[in-house]
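Just so we're aligned, residue 101 is where the sequence shown starts under the numbering used here, counting upward by one.
Note sheet for the following structure.
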Amino acid sequence: MLLRDYRSEKRVNPFRRIYESEVYANARATCPEFPLLVDIETTNKCNLNCVFCDRQLMRRALGEMSFNFFMQIADKMTSKVKGLRFSGWGEPFLNKEIYKMFAYAKERGFLVHVTTNGLAKYFYPDKLENVDSINFSMQGLTEEEYLKMRRNRMWNKLVENIKKTMAVEKRPYVTLATTVLDETDKEMDEFVEEWKGAVDRVQVGLTSFDKVREKLNKEEILSEKEVQRQAYSGRKTKCNMPWINLEVDWDGKVGACCTDYDNLLYVGDFSKSSLEHIWRGSKILAIRKMINEGKQDKHPLCSKCGYQF
101 MLLRDYRSEK
111 RVNPFRRIYE
121 SEVYANARAT
131 CPEFPLLVDI
141 ETTNKCNLNC
151 VFCDRQLMRR
161 ALGEMSFNFF
171 MQIADKMTSK
181 VKGLRFSGWG
191 EPFLNKEIYK
201 MFAYAKERGF
211 LVHVTTNGLA
221 KYFYPDKLEN
231 VDSINFSMQG
241 LTEEEYLKMR
251 RNRMWNKLVE
261 NIKKTMAVEK
271 RPYVTLATTV
281 LDETDKEMDE
291 FVEEWKGAVD
301 RVQVGLTSFD
311 KVREKLNKEE
321 ILSEKEVQRQ
331 AYSGRKTKCN
341 MPWINLEVDW
351 DGKVGACCTD
361 YDNLLYVGDF
371 SKSSLEHIWR
381 GSKILAIRKM
391 INEGKQDKHP
401 LCSKCGYQF
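So this is what it looks like as structure tokens:
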């Protein structure tokens with residue numbers, strides 16, 4: 101849930117034509133022929149170990165998607181899917197072939213988005229000419245809160261990389277996204293005011309510990325008092341993710357939701373199946389039926405989901 105959402109009037113995110121389309125808005129009523137968006141996990145390795153991240157629950161093997169495999173997947177989606185979003189359960193810029201993936205995606209006609217913590221080994225602000233939109237993930241509103249939640253002292257490096265990206269002549273649409281716990285309205289307003297002239301969009305959302313709460317308590321990573329700072333109180337609308345989007349892991353396995361860290365909503369495998377077979381298959385149809393019938397609270401992943409789509 102977004103608490104603040106500032107957009108500069110100087111530029112428009114190319115992905116807005118998807119997010120604000122009638123097809124996107126009515127996807128649950130009239131399922132599109134193909135997903136509008138596909139999330140690509142270049143790797144599920146990460147250079148950070150954030151307190152709130154569900155990745156700490158992940159049990160599947162670590163790996164990286166090869167460029168050749170990415171080309172095979174992209175070819176199966178060409179002229180069918182509108183946008184590729186490089187994200188997943190790792191840091192995309194840990195895969196050194198990501199720039200080749202960006203270029204190939206643009207050649208094949210996709211809109212290209214990437215979400216990053218801005219601190220990875222292969223992140224170069226001046227090599228994003230094939231990216232339409234980039235989301236920098238921060239945490240909290242201050243360096244102190246960032247340190248506590250993201251467990252690193254690279255706040256200044258992140259700020260520097262955001263500003264370097266904005267300074268490049270041919271750059272993507274830049275969003276700075278952060279999440280908070282019990283920070284005040286005044287603090288959030290001050291954060292937006294500080295950043296609104298520096299990037300194209302500023303988003304402030306809620307942090308959720310729901311899936312990792314037990315682990316945080318058991319391992320004494322955060323005190324119960326700190327965990328109770330969480331403000332999230334549950335999703336208010338039915339999810340439409342399985343009607344608009346697929347998530348592809350580094351090894352080709354496909355999930356119906358971008359929050360699926362361990363193939364809990366597995367619907368197919370791009371190394372074995374076509375896009376058509378996955379999108380219209382029995383597994384994803386069963387997930388859509390579950391949501392339509394209001395039974396998602398019985399699913400181990402969906403029951404703790406707070407995202408709004």
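Don't be surprised by glycine CBs; every beta carbon is placed ideally from N, CA and C.
Check, Outcome
"Own chain partners of Phe409 with C-beta closer than 7 Å, once the 5 adjacent residues on each side are dropped", "Annotation note: pLDDT 47 at Phe409 (below 50); position unreliable, no value reported."
"Three-way DSSP call (helix, strand, coil) for Arg111 in this model", "coil"
"Beta-ladder partner(s) of Gln77, from DSSP", "Outside the shown range of the chain, which is 101 to 409, sits residue 77, and nothing can be said about it."
"Assigned exposure category for Val112 - 16 Cβ within 10 Å defines buried", "exposed"
"Cβ contact (3+ pairs, closer than 8 Å) linking the segment 215-230 and the segment 258-270", "yes"
"Beta-carbon gap between Arg301 and Ser108 smaller than 9 Å", "yes"
"Selection from Ser374, Lys315, Leu365 and Phe370 that minimises the alpha carbon distance to Ser403", "Leu365"
"Exposure label - Lys311; buried when at least 16 CB within 10 Å", "buried"
"Distance between beta carbons of Gly240 and Thr278, contact taken as under 8 Å", "6 Å"
"Backbone CA spacing between Leu148 and Ile321 [nearest angstrom]", "15 Å"
"Cβ-based burial, Leu219 [other Cβ within 10 Å; buried from 16]", "buried"
"Beta-carbon proximity check, Tyr106 vs Val259, cutoff 9 Å", "no"
"Cβ-based neighbour list, Ser233, same chain, cut-off 6 Å, excluding 5 preceding and 5 following", "Asn113, Phe115, His213, Pro272 and Tyr273"
"Sub-9 Å separation of Asp351 and Ser371 beta-carbons", "yes"
"Local Cβ density within 10 Å of Leu211, reported as buried at 16 or more and exposed below that", "buried"
"Sheet register partners of Tyr366 (DSSP bridge)", "Gly355"
"Proximal residues to Cys357 (C-beta, below 6 Å), its chain only, five neighbours per side dropped", "Met341 and Leu365"
"Same chain, Cβ closer than 8 Å to Lys315, five either side skipped, listed in chain order", "Gln156, Leu157 and Ile321"
"Leu346 versus Glu294: straight-line alpha-carbon distance, rounded", "35 Å"
"8 Å contact criterion, which Leu401 and Asp360 should meet: CB distance rounded", "6 Å"
"Residues near His399 in its chain [Cβ-Cβ closer than 7 Å; skip 5 each side]", "Met390"
"Pair within 9 Å by beta-carbon distance, Gly394 and Ile378", "no"
"Whole-angstrom C-beta distance between Arg208 and Ala174, which should lie under 8 Å", "5 Å"
"Straight-line Cα distance separating Phe193 from Met238", "16 Å"
"8 Å CB neighbourhood of Val231 in its chain, flanking five on each side removed", "Phe202, Val212, His213, Val214 and Pro272"
"Alpha helix (DSSP H) segment containing Arg313, residue limits", "Arg313 to Lys318"
"Selection from Cys146, Ile198, Gly163 and Pro135 that minimises the alpha carbon distance to Gly183", "Pro135"
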